[in-house]
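These notes concern the structure reproduced below.
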Amino acid sequence: MRILSIETSCDETGAAVLEKDNEGIRVISNVIASSAQIHAKTGGIIPEQAARMQVESIIPVIRLALLESEGKDSENSASDAIRAKNIFEQKIDSIAVTQGPGLVGSLLVGVETAKTLSFAFKKPIVPVNHLLAHIFANFIGDTTPPFPFTGLIVSGGHTDLLYFKSIGQFEWLGGTRDDAAGEALDKIGRILNLPYPAGPDIEKRAKLVINPEIKFQSPLMKDEKFDFSFSGLKAEAMRFVEKNKLNDNMINQICYATQKAIIDVLVKKTVDAAEKFNCQTIVLGGGVSANQTLIEQMKETAKNAEVFAPEKKYSTDNASMIGACALMNFKPVEWKKIKAIPELYFG
Ligand code: KG4
Ligand code: ZN
23 MRILSIETSC DETGAAVLEK DNEGIRVISN VIASSAQIHA KTGGIIPEQA ARMQVESIIP
83 VIRLALLESE GKDSENSASD AIRAKNIFEQ KIDSIAVTQG PGLVGSLLVG VETAKTLSFA
143 FKKPIVPVNH LLAHIFANFI GDTTPPFPFT GLIVSGGHTD LLYFKSIGQF EWLGGTRDDA
203 AGEALDKIGR ILNLPYPAGP DIEKRAKLVI NPEIKFQSPL MKDEKFDFSF SGLKAEAMRF
263 VEKNKLNDNM INQICYATQK AIIDVLVKKT VDAAEKFNCQ TIVLGGGVSA NQTLIEQMKE
323 TAKNAEVFAP EKKYSTDNAS MIGACALMNF KPVEWKKIKA IPELYFG
């Protein structure tokens, strides 16, 4: 089965072609256009602008993903459109699209494009929950996680802990009460004048710290529930910045303290959940799971569980994870019944 998948939940426009056979799921092509550089100037995402960029990028990105799936580079010639159409018609069996959660304007671009393709070419279409897709990014390639497992989704918009019994059977254990982990990193990055999104920069700067000089609180560390809270961390960082002179070393120290406070609580609650639910497997997903320190600390702490994280390029938003999620849970829906659902969550 070969699937074309489309992801437009936020400021990335993604299209990918994936293949599933007896050996598993393989990515044939994966294309991403990001408006992150535009948003870097404003220090955050402007939804209207993100949606406009989606409109501009969606057709070229899908066309390139289709051409690359047959090993053809786009020459941007008039014949590209015909070649892409032929590939879609002849080689692609179905479509997957992110239904939510996300920004309404951005989601609508992907959903309506996918529905049009499904209608015009009579291909089955599978709507996908972006959050679950972050977890199913781990099912790309040869080594995939066994069920049951504890799943941690850590991204710019979400921090959720789940227990997965099987592919379609899962239980939500807890999530953030306010800011997501990635959101906290990005907001603190903004206070420190780091480029948006700040996660990768904070990771690099934290690595430079040999002697940690400051410590921030890991919120809800002692709370028994599997909930998180990260908005207080931003306030703590802000207070520190107001009272102290910022030089390069101090910025690195704040990055280290921020990253440590976030990772400590993510690791503790995930390992506690794995123990409580008797899971020998922990699966990470979402942009923050690109963080090597998080992965390493999770591996060191989870003595009784094997830890899986997606390949780095499939941690942050991409269309391959959407295709993988659809291929793992192949439940097509009539195109007329599919709607963008910005507030989509679990259940
Ligand atoms: O999953 P994602 O691409 O988008 C959402 O669905 O939200 O996650 C984006 C988030 C941003 O907050 C970004 O700062 C964070 O992932 N991020 C990282 C790293 N790379 C991206 N956080 C920590 N370390 C990284 N290496
Ligand atoms: Zn995401």
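Letter 200 of the sequence shown, counting from 1, is numbered 222 in my numbering, and no numbers are missing. Backbone N, C-alpha and C define an ideal beta-carbon position, used for all residues, glycine too.
Nearest residue (CA-CA) to residue i, options the options
i, options, result
"residue 91", "71, 112, 304 and 349", "112"
"residue 156", "122, 165, 85 and 138", "122"
"residue 330", "110, 86, 164 and 142", "164"
"residue 188", "325, 301 and 341", "301"
"residue 244", "78, 288 and 202", "288"
"residue 320", "175, 107 and 293", "293"
"residue 367", "89, 314, 88 and 196", "196"
"residue 318", "220, 225 and 341", "225"
"residue 228", "266, 281, 257 and 161", "281"
"residue 327", "305, 312, 339 and 337", "305"
"residue 340", "44, 46 and 54", "54"
"residue 114", "211, 50, 322 and 126", "50"
"residue 47", "352, 356, 365 and 358", "352"
"residue 291", "221, 182 and 356", "182"
"residue 248", "311, 313, 364 and 295", "295"
"residue 275", "313, 242, 265 and 230", "230"
"residue 333", "166, 135, 32 and 33", "166"
"residue 81", "364, 65, 338 and 107", "107"
Spatial neighbours of residue i in its chain, beta-carbon cut-off 6 Å, leaving aside the 5 residues before and after
i, result
"residue 42", "23 and 349"
"residue 234", "278"
"residue 76", "30, 35, 128 and 131"
"residue 263", "213"
"residue 116", "25, 145 and 146"
"residue 193", "185"
"residue 83", "35, 37, 53 and 55"
"residue 3", "For residue 3 there is no data in the structure shown, the boundaries of the chain being 23 and 369."
Bounding residues of the alpha helix (DSSP H) (the contiguous stretch that carries residue i)
i, result
"residue 284", "270 to 298"
"residue 199", "It is not in any alpha helix (DSSP H) - residue 199 carries neither H nor E in the DSSP assignment."
"residue 223", "221 to 229"
"residue 82", "69 to 91"
"residue 314", "314 to 323"
"residue 259", "253 to 265"
"residue 177", "It is not in any alpha helix (DSSP H) - residue 177 carries neither H nor E in the DSSP assignment."
"residue 342", "342 to 350"
Residue i vs residue j beta-carbon contact at 8 Å
i, j, result
"residue 170", "residue 158", "no"
"residue 201", "residue 141", "no"
"residue 67", "residue 89", "no"
"residue 57", "residue 71", "yes"
"residue 151", "residue 342", "no"
"residue 178", "residue 309", "yes"
"residue 217", "residue 208", "no"
"residue 153", "residue 175", "yes"
"residue 74", "residue 102", "no"
Extent of the continuous beta strand (DSSP E) to which residue i belongs
i, result
"residue 108", "Looking at the DSSP string, residue 108 is not in any beta strand (DSSP E); the run it does join, the alpha helix (DSSP H), is 100 to 113."
"residue 129", "Segment 126 to 143 is the alpha helix (DSSP H) holding residue 129; no beta strand (DSSP E) there."
"residue 36", "34 to 43"
"residue 363", "Segment: none, residue 363 is in no beta strand (DSSP E) and carries neither H nor E."
"residue 50", "46 to 56"
"residue 159", "Residue 159 -> no beta strand (DSSP E), and no H or E assigned at all."
"residue 189", "That residue, residue 189, is in no beta strand (DSSP E); it is neither H nor E in DSSP."
"residue 150", "147 to 151"
"residue 166", "Residue 166 -> no beta strand (DSSP E), and no H or E assigned at all."
"residue 117", "116 to 122"
"residue 27", "24 to 29"
"residue 246", "Taken as a continuous stretch (DSSP letters only), residue 246 belongs to no beta strand (DSSP E), as it is neither H nor E."
Sequence-distant residues of the same chain with beta carbon closer than 7 Å to residue i, five excluded per side
i, result
"residue 345", "25, 27, 38, 40 and 118"
"residue 283", "238, 239, 240 and 255"
"residue 360", "121, 133, 137, 147 and 149"
"residue 260", "213"
"residue 285", "315, 316 and 319"
"residue 105", "89 and 94"
"residue 168", "303"
"residue 323", "289 and 293"
"residue 161", "47, 346 and 350"
"residue 99", "none"
Cut-off 8 Å between Cβ atoms - residues of its own chain near residue i, not counting five sequence neighbours on either side
i, result
"residue 223", "211, 216, 217 and 277"
"residue 205", "178, 179 and 252"
Check: residue i C-beta below 7 Å from any heavy atom of the ligand GTP
i, result
"residue 287", "Looking for the ligand GTP in the displayed structure turns up nothing; the ligands present are the ligand KG4 and the ligand ZN."
field: Chain-ordered residues, beta carbon under 5 Å from a heavy atom of the ligand ZN
entry: Per the Cβ criterion, the list is 177 and 339.
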